[in-house]
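Taking it in order: structure first as structure tokens, then the write-up.
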Amino acid sequence: MEEEELECPNSASEKRYFPESLDSSDGDEEGILACEDLELNPFDGLPYSSRYYKLLKEREDLPIWKEKYSFMENLLQNQIVIVSGDAKCGKSSQVPQWCAEYCLSIHYQHGGVVCTQVHKPTAVQLALRVADEMDVNIGHEVGYMIPFENCCSSETILRYCTDDMLQREMMSSPFLGNYGVIILDDIHERSIATDVLLGLLKDVLLARPELKLIINSSPHLISKLSSYYGNVPLIEVKKQHPVEVVYLSGAQKESLESILRLIFEIHQSGEKGDIVVFLACEQDIEKAYEIVCQEGSNLNPDLGELVVVPLYPKEKCALFKPNDETEKRCQVYQRRVVLTASSGESLIWSNTVRFVIDVGVERRKVYNPRIRANSLVTQPISQSQAEIRKQILGSSSSGKLFCLYSEEFASKDMRPLKPAEMQEANLTSMVLFMKRVDIAGLGHCDFMNRPAPESLMQALEDLDYLAALDNDGNLSEFGIIMSEFPLDPQLSKSILASCEFDCVEEMLTIAAMVTAPNCFSNLPHGAEEAALTCWKTFLHPEGDHFTLINIYKAYQDIALNSTSDHCVEKWCHDYFLNCCALRMADVIRAELLEIVKRIELPCAEPAFGSKENALNIKKALLSGYFMQIARDVDGSGNYLMLTHKQVAQLHPLSSYSITKKMPEWVLFHKFSISENNYIRITSEISPEL
Numbered sequence: 001m002e003e004e005e006l007e008c009p010n011s012a013s014e015k016r017y018f019p020e021s022l023d024s025s026d027g028d029e030e031g032i033l034a035c036e037d038l039e040l041n042p043f044d045g046l047p048y049s050s051r052y053y054k055l056l057k058e059r060e061d062l063p064i065w066k067e068k069y070s071f072m073e074n075l076l077q078n079q080i081v082i083v084s085g086d087a088k089c090g091k092s093s094q095v096p097q098w099c100a101e102y103c104l105s106i107h108y109q110h111g112g113v114v115c116t117q118v119h120k121p122t123a124v125q126l127a128l129r130v131a132d133e134m135d136v137n138i139g140h141e142v143g144y145m146i147p148f149e150n151c152c153s154s155e156t157i158l159r160y161c162t163d164d165m166l167q168r169e170m171m172s173s174p175f176l177g178n179y180g181v182i183i184l185d186d187i188h189e190r191s192i193a194t195d196v197l198l199g200l201l202k203d204v205l206l207a208r209p210e211l212k213l214i215i216n217s218s219p220h221l222i223s224k225l226s227s228y229y230g231n232v233p234l235i236e237v238k239k240q241h242p243v244e245v246v247y248l249s250g251a252q253k254e255s256l257e258s259i260l261r262l263i264f265e266i267h268q269s270g271e272k273g274d275i276v277v278f279l280a281c282e283q284d285i286e287k288a289y290e291i292v293c294q295e296g297s298n299l300n301p302d303l304g305e306l307v308v309v310p311l312y313p314k315e316k317c318a319l320f321k322p323n324d325e326t327e328k329r330c331q332v333y334q335r336r337v338v339l340t341a342s343s344g345e346s347l348i349w350s351n352t353v354r355f356v357i358d359v360g361v362e363r364r365k366v367y368n369p370r371i372r373a374n375s376l377v378t379q380p381i382s383q384s385q386a387e388i389r390k391q392i393l394g395s396s397s398s399g400k401l402f403c404l405y406s407e408e409f410a411s412k413d414m415r416p417l418k419p420a421e422m423q424e425a426n427l428t429s430m431v432l433f434m435k436r437v438d439i440a441g442l443g444h445c446d447f448m449n450r451p452a453p454e455s456l457m458q459a460l461e462d463l464d465y466l467a468a469l470d471n472d473g474n475l476s477e478f479g480i481i482m483s484e485f486p487l488d489p490q491l492s493k494s495i496l497a498s499c500e501f502d503c504v505e506e507m508l509t510i511a512a513m514v515t516a517p518n519c520f521s522n523l524p525h526g527a528e529e530a531a532l533t534c535w536k537t538f539l540h541p542e543g544d545h546f547t548l549i550n551i552y553k554a555y556q557d558i559a560l561n562s563t564s565d566h567c568v569e570k571w572c573h574d575y576f577l578n579c580c581a582l583r584m585a586d587v588i589r590a591e592l593l594e595i596v597k598r599i600e601l602p603c604a605e606p607a608f609g610s611k612e613n614a615l616n617i618k619k620a621l622l623s624g625y626f627m628q629i630a631r632d633v634d635g636s637g638n639y640l641m642l643t644h645k646q647v648a649q650l651h652p653l654s655s656y657s658i659t660k661k662m663p664e665w666v667l668f669h670k671f672s673i674s675e676n677n678y679i680r681i682t683s684e685i686s687p688e689l
């Protein structure tokens, strides 16, 4: 994906020319002499600031710092190095800096350093932190690259990026020639993109003997990695402080009540420190948030304020890492309670956490290729996940982990390792990518865990139905163009079809809105009626896809005509809309439009509002989503899906649910098998289409 360079947060327009402690008044010869005596930063040639030395002391206290010499020796002598360490040992921030020092020592003759992350906010926060530690400007020597945002420049020697971004870079640069060192971080999370990179980089290393590969992982995956890569050096970081673990057998059956009771008991005990609570799903986060906020307001104010922070890992909008001033204030005046769910472990970076409450189960999405739908399954977390949650307390010598399950449950019911995403997800996008890099001769991939043959066959079938493959099973011209878009193949095909039906502008808006987070805000208790009244102003009779266009157009009008961001935020708040999600949709749409222009697809003038345009939008949607059609057979509101005969209902936020007008035939964007079996984002169609 071609990225546009954007203005980066905390990026100075000019570099530092004097250290903070110097008097930079004109004609001060002593200041100039002092400047000459100061140690210079080899990365930008400027004197180190006083903050650099302060942060250096903090870095030297990290558990991984003791392994620096051993790591550098192994980096010089080997092509692959594995680093094993617990969470918060410092491997994600220090190893990339050491690799940058290595690249500097050989004058970047083989390229710079790239470090992958699974989560977007982790990539951003690490880049900001490392730029601070290296005493350079973010966006210059250190940068980050995440979907739809590029904060790098030609000067960047160390970049953090999400694993899917590095994977996409291989489409234009199969051997990743811009990099001399590639670091795959947190591979124990087993995302699809990381597993693909692990396999493809085996071939890249053979083609580029000068390339170095560093693999950062938790200790649980080391034996599997050793058998996968063979005899490669291993740097092991010693464990930190032991953590007191309290097993509360029997509490799992009434987990929410037990959690709430524990939170208030800890708070009333007067013991200092923040609390992190791992719940099963987002619905539990919302329930707990409402109750803790309500009950917390009735507690003794002398105990300090109880601040509840819901952290939704799927949205990945924020990291739980306060700045120094906030952290000091929190220790004295307030206690934070962070409510999160599975995969939130890597988003928590605070040394003020003293208590972790773990429910021991999670709700996972597991893809069923036979019915082409996700099932929401509640199951025990893995032993490795339980250990990582404990490691959040690793820097605290007085931390406590409360497990709402027994030791027997942990040993018998929990599997040792977290399952690879590749074994539980829809692989259509991955197979499209693999077909694309096969053009460059990298099609064979030695996966650490082979995906199920049934999932691969379903992915190939879907690509064939979408006309992405030719008669020989290779990518067709359509397939090559589809792979240019960072979207699901179905959505990419709909955009291509919109060129034929003269509705590209409208289709790009729909694609951006369904790719961004949910544009509707999470509603506080009692606000449902007011929110529905506001949302009715955006409803479109043709369906939810058209309603999303109305919302985006209304947001865009406000954004263009407002004098400040505050006015836009107030408008979103008044209409119960998620301002962050709408801003993200705006960025995504601009990027998609840039891709359309770059590959020179025809783009007609927008004609939203006419009957012909509505018909054309539906035709474009059907080109990609023809397998996602449902019919209300008997007028009861129970929709039968044509491809796999599942029965589902329209989501309560659907425009049809709000207006109580149920169409006979609908096209839907998403379906998950759960208690309610909702189909989401639906629009009426007719069989004649």
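At position 143 of the sequence shown the residue is numbered 143 (our numbering), and the sequence of numbers has no breaks.
All C-beta atoms in this analysis are idealised placements derived from N, C-alpha and C, irrespective of residue type, glycine included.
Do you know whose CA, among the options, lies nearest residue i's CA?
i: D135; options: C99, K54, I82; result: K54
i: S690; options: M448, P606, L487; result: The structure shown has nothing for residue 690, since the chain only spans 1 to 689.
i: N578; options: P606, T533, D565, N518; result: N518
i: C572; options: L592, E591, A531; result: A531
i: S483; options: D470, I510, S429; result: S429
i: K68; options: S93, D565, L404, C445; result: S93
i: A452; options: P380, R370, C115; result: R370
i: M165; options: A193, G273, F175; result: A193
i: A76; options: I595, K212, T340; result: The sequence shown places Leu at residue 76, rather than the Ala named in the question. Nearest of I595, K212, T340 to L76, Cα basis: K212.
i: T509; options: S492, P524, L523, Y289; result: S492
i: W535; options: L427, T659, A468; result: T659
i: T122; options: H110, K365, K88; result: K88
i: P42; options: Y465, Y108, H119, E60; result: Y108
i: H525; options: E286, V232, T378; result: E286
i: N351; options: R450, H241, P652, F175; result: H241
i: G543; options: A131, V431, L62, S683; result: S683
i: L401; options: E387, F409, S411, Y228; result: E387
i: L299; options: E282, L311, I266, C281; result: I266
i: D195; options: R59, R372, L427, I348; result: L427
i: N522; options: F608, L311, I187, L667; result: L311
i: S384; options: N368, D413, I157; result: D413
Can you name the start and end residues of the beta strand (DSSP E) that residue i belongs to?
i: H669; result: 665-673
i: E684; result: 678-684
i: E688; result: No beta strand (DSSP E) holds E688; DSSP gives it neither H nor E.
i: T509; result: Unbroken run through T509 is the alpha helix (DSSP H), 504-515; no beta strand (DSSP E).
i: V114; result: 112-117
i: C247; result: Note that residue 247 is Tyr in the sequence shown here, rather than Cys. Residues 244-247.
i: A216; result: Correcting the residue identity first, residue 216 is Asn in this sequence and not Ala. Counting along the chain, the beta strand (DSSP E) containing N216 begins and ends at 212-217.
What is the residue span of the alpha helix (DSSP H) that residue i lies within?
i: K619; result: 611-625
i: P489; result: 489-500
i: G180; result: Per DSSP, G180 belongs to no alpha helix (DSSP H); it is in the beta strand (DSSP E), 179-184.
i: K662; result: Note on identity: in this sequence residue 662 is Met, with Lys being the wrong assignment. Where M662 is concerned, there is no enclosing alpha helix (DSSP H), given that its DSSP letter is neither H nor E.
i: L376; result: Segment 373-380 is the beta strand (DSSP E) holding L376; no alpha helix (DSSP H) there.
Could you please give me the residues that DSSP links to residue i through a beta bridge?
i: M641; result: A630
i: D358; result: F278, C403
i: E305; result: Q334
i: Q649; result: Y678
i: F520; result: L577
i: P310; result: L339
i: E236; result: S84
i: G635; result: Looking at the DSSP assignment, G635 forms no beta bridge with any residue, so it has no partner.
Residue ranges of each beta strand (DSSP E) within the region 70-105, 3 or longer: Contiguous beta strand (DSSP E) elements confined to the region 70-105 occur at 80-84, taking only those with 3 or more residues.
Inter-stretch contact (C-beta, 8 Å, three-pair minimum) for the region 136-153 and the region 177-184: Output reads no: the region 177-184 does not touch the region 136-153.
contact_flag[the region 640-652, the region 547-556] where n(CB pairs < 8 Å) is 3 or more: Result no; under three Cβ-Cβ pairs closer than 8 Å.
At least three beta-carbon pairs within less than 8 Å, the region 94-113 to the region 256-263: Segments in contact, no.
Touching by the beta-carbon criterion (3+ pairs, under 8 Å), the region 74-94 and the region 212-222: The region 74-94 vs the region 212-222: in contact.
Meets three-Cβ-pair contact criterion under 8 Å: the region 553-563 and the region 669-678: Look at the beta carbons and you see the region 553-563 not touching the region 669-678: under three pairs across the two are nearer than 8 Å.
Stretch-stretch touch, CB-based, cutoff 8 Å, three pairs: the region 574-589 with the region 605-616: The region 574-589 makes no contact with the region 605-616: fewer than 3 CB pairs, one atom from each, lie closer than 8 Å.
Length-filtered (3 minimum) beta strand (DSSP E) runs lying within the region 399-467: Counting whole runs of 3 or more residues, the region 399-467 contains the beta strand (DSSP E) stretches 400-403.
The region 355-367 contacting the region 153-171, beta-carbon criterion three pairs below 8 Å: With a cut-off of 8 Å, the region 153-171 and the region 355-367 do not count as touching, because too few Cβ pairs lie within range.
Meets three-Cβ-pair contact criterion under 8 Å: the region 44-58 and the region 200-212: Contact fails between the region 44-58 and the region 200-212, because fewer than three Cβ pairs, one in each stretch, are under 8 Å apart.
Contact between the region 417-437 and the region 288-298 (3+ Cβ pairs under 8 Å): At 8 Å Cβ cutoff, the stretches do not touch.
Segment contact, 8 Å Cβ cut-off, at least three pairs: the region 371-384 with the region 401-415: A contact between stretches requires three or more CB pairs, one per stretch, nearer than 8 Å, and the region 371-384 meets this requirement with the region 401-415.
Cβ contact (3+ pairs, closer than 8 Å) linking the region 333-343 and the region 276-285: Short answer: they touch.
Unbroken stretches of the beta strand (DSSP E), 3 residues or longer, contained in the region 120-186: With a minimum length of 3 residues, the continuous beta strand (DSSP E) runs that stay inside the region 120-186 are 142-146, 149-151, 158-162, 179-184.
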